[in-house]
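**Q**
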Amino acid sequence: MALLCYNKGCGQRFDPEHNAEDSCLYHPGVPIFHDALKGWSCCKKRTTDFSEFLSIKGCTKGFHSKEKPPEPSSQGDTSDEPKAKPVKELIVQGPKSAEKMLRERPSSDEPRQLLPVKVSRSLEQALEKLNMSSEDKILQSSCPGRDKLMDGTGIYQGPESNTEVCTFHPGVPVFHEGMKYWSCCGIKTTDFSAFMEQPGCSRGCHCWTEKKDKKAVLCRQDWHQTSSQVVVTVYAKNPLPALSSVKANRTVLEAHVIFEGNKIFQAELELWGTIDVEKSFVSMVPAKVEITLCKASPGSWARLELPQSKLQSSPEEQTSSRTVCRLQQGLSPGQKGQLINTQSKGCPLKSLTGA
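Letter 52 of the sequence shown, counting from 1, is numbered 52 in the UniProt record's numbering, and no numbers are missing.
As structure tokens, this is what we get:
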């Protein structure tokens, strides 16, 4: 009775009574499939064709075998193929619900931090061309060349304020070829934060200016988001970095932008989500101010601000600002465009509403 030989590469039938030491020609090794090449570990011959691989003759002579070879425990132990790495289980946590986010929301009363400002080269060039005279410095109450951001003490609180010594810069801020400095003392730096912290170089009496000198306006705004960031854009021509500021804590954003034409834009809103203040920053270019807020956790925000948040252009215009928000909800696209143009030009709301 003829039996089937189970030696690899043989597959012939043989008579056990005539099974000699050189009857079988087989491969003692194992099949190898690596980089599109196929072959046996006991031979050097390799091919890319599978049919040709099956027809490779054995390289060793021996007895035919009727025993099935045991299945290899792991092909990587006997072949040139790299061992497969164990698959790690990846657990993905879905986004938190709005209710849970509100419960875990930090207090809006946390201290607000001044966000770092990046000034583009094009804005520095534009500011060089502007007449940086005292009438271009819109200060709530200030000394010549001195902004409230630099000390926070230049606020008139009565006749006793006149006895205080004022430390100030009599010159103007200069932005030239990447350098930032005051024209009166010439201490140059490339870092905007270091420029803002430079102490005044002169001492004298306070020179108060009236609040009515401010020209508060509404600016066109926009926002977009990625999975990790929210970018708020305020369209203001030639913003003045030395006189503007953006502050934030984990849930509140406060913007104070002074720009060309003796104009001030102010806004305060409570954010829909939470942010990482340390990783957030402000970028200023000639046409706009971009506030990049780093999300505390990746995900999508349903809106920029909470429904109860208040947006204001100035303390005197809170009512007008809320009216704008209500108007936009009930206007057609064409009317909304007219409202945006009206806001960007600083026109009174009655020009659109007929009030």
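Where is the CB? At the ideal position from N, CA and C, for every residue including glycine. As the structure is a computational prediction, the values presented were derived from the model and not from experiment.
Is the beta carbon of valine 257 sitting closer than 9 Å to the one on proline 286?
**A** The answer is no: Cβ separation not under 9 Å.
**Q** Taking the alpha carbon of leucine 115 as the reference point, which residue from Pro307, Val252, Gly273 has its own alpha carbon closest?
**A** Taking only the C-alpha atoms, the option nearest leucine 115 is Val252.
**Q** For serine 202, which of helix, strand or coil comes out of DSSP?
**A** Strand at serine 202.
**Q** From the DSSP secondary-structure annotation, give me the bridge partner or partners of isoleucine 291.
**A** DSSP, once it has assigned bridges, lists Val232, Val282 as partnering isoleucine 291.
**Q** Below 8 Å on the Cβ atoms is my contact criterion, and I expect arginine 250 with proline 106 to pass it. Report the Cβ-Cβ distance as a whole number of Å.
**A** Going by Cβ atoms, the distance from arginine 250 to proline 106 rounds to 5 Å, so yes, they are a contact pair.
**Q** Look at lysine 180 and valine 282 and say whether their C-beta atoms are less than 9 Å apart.
**A** Cβ atoms of lysine 180 and valine 282: not closer than 9 Å.
**Q** Could you compute how far the alpha carbon of glutamine 113 sits from the alpha carbon of valine 246?
**A** Rounded to whole angstroms, glutamine 113 to valine 246 spans 8 Å at the Cα level.
**Q** Using CA atoms only, rank isn't needed, just tell me which of Pro241, Leu130, Gly62 is closest to serine 193.
**A** For serine 193, the nearest C-alpha among the options comes from Pro241.
**Q** Which first and last residues belong to the alpha helix (DSSP H) in which alanine 255 is found?
**A** Where alanine 255 is concerned, there is no enclosing alpha helix (DSSP H), although the beta strand (DSSP E) it sits in stretches over 252-259.
**Q** How many whole angstroms separate the CB atoms of valine 234 and glutamine 221, which I take to be in contact at a CB cut-off of 8 Å?
**A** With a Cβ gap of about 6 Å, valine 234 and glutamine 221 count as contacting.
**Q** Measuring alpha carbon to alpha carbon, tell me which residue in Glu268, Ala248, Glu128, Leu25 is nearest leucine 218.
**A** When each option's Cα is compared against that of leucine 218, the closest is Glu268.
**Q** Suppose contacts are defined by Cβ-Cβ distances below 9 Å. Is alanine 255 in contact with valine 277 by that definition?
**A** No.
**Q** At the level of alpha carbons, what is the spacing between lysine 279 and alanine 296?
**A** So the two alpha carbons sit approximately 10 Å from each other.
**Q** Might you give, ordered along the chain, the residues of its own chain that have their beta carbon closer than 7 Å to the beta carbon of isoleucine 187, omitting 5 neighbours on each side?
**A** Only Tyr181, Gln198 meet the Cβ criterion.
**Q** Take every Cβ of the region 39-57, pair it with every Cβ of the region 13-22, and state whether three or more of those distances are shorter than 8 Å.
**A** No, the region 39-57 is not in contact with the region 13-22.
**Q** Here's the rule: buried if 16 or more other CB atoms are within 10 angstroms of the residue's CB, otherwise exposed. What is asparagine 162?
**A** It is exposed - the Cβ of asparagine 162 has fewer than 16 other Cβ atoms within 10 Å.
**Q** Tell me, please, whether the CB atom of glutamine 266 is closer than 9 Å to any CB atom in chain B?
**A** The displayed structure is made up of one protein chain only, and chain B is not part of it.
**Q** Does DSSP put threonine 163 in a helix, a strand or coil?
**A** Note: threonine 163 maps to helix in three-state DSSP.
**Q** So, for arginine 46: in the same chain, excluding its five sequence neighbours on each side, which residues have a beta-carbon less than 6 Å away from its beta-carbon?
**A** Excluding positions up to five away in sequence, the list reads Leu37, Gly39.
**Q** Apart from the five residues just before and just after residue 388, which ones in its own chain have a Cβ nearer than 6 Å to its Cβ?
**A** The shown model of the chain, from 1 to 355, leaves out residue 388, and the question about it has no answer.
**Q** Within its chain, find whatever has a CB closer than 7 Å to the CB of leucine 306; leave out the 5 residues flanking it on each side and keep chain order.
**A** So the qualifying residues of the chain are Glu270, Trp272.
**Q** Runs of 4 residues minimum, wholly inside the UniProt domain "CHORD" (5-64): which ones carry the alpha helix (DSSP H) assignment?
**A** With a minimum length of 4 residues, the continuous alpha helix (DSSP H) runs that stay inside the UniProt domain "CHORD" (5-64) are 50-54.
**Q** Given that a residue counts as buried once 16 or more other Cβ atoms are within 10 Å of its Cβ, and exposed if not, what is residue 363?
**A** Examination of residue 363 is not possible in this model, given that the chain is present from 1 through 355 alone.
**Q** Please return the same chain residues whose Cβ sits closer than 8 Å to the Cβ of serine 108, not counting the five positions on each side in sequence.
**A** Result list for serine 108: Asn249, Thr251, Val252, Glu270, in chain order.
**Q** What residue range does the beta strand (DSSP E) around serine 107 cover?
**A** Segment: none, serine 107 is in no beta strand (DSSP E) and carries neither H nor E.
**Q** Can you give me the C-alpha to C-alpha distance between proline 70 and threonine 60, rounded to a whole angstrom?
**A** Each residue's alpha carbon lies about 19 Å from the other.
**Q** By a C-beta neighbour count over all protein chains shown, 10 Å radius and 16 as the cutoff for buried, is glutamate 124 buried or exposed?
**A** Per the 10 Å Cβ criterion, buried.
**Q** What would DSSP say about leucine 269, mapped onto helix, strand or coil?
**A** In the structure shown, leucine 269 sits in a strand (DSSP, three-state: E or B).
**Q** Contact defined as beta carbons within less than 8 Å: I believe histidine 176 pairs with cysteine 201. What is the distance between those atoms, to the nearest angstrom?
**A** Not confirmed; about 18 Å, so no contact.
**Q** Assuming alanine 248 is part of the beta strand (DSSP E), what are its boundary residues?
**A** Its beta strand (DSSP E) spans residues 245-248.
**Q** So cysteine 294 and isoleucine 275 are in contact, right, with Cβ under 8 Å, and what is the actual spacing, rounded?
**A** Rounded, the Cβ-Cβ distance is 6 Å, consistent with contact.
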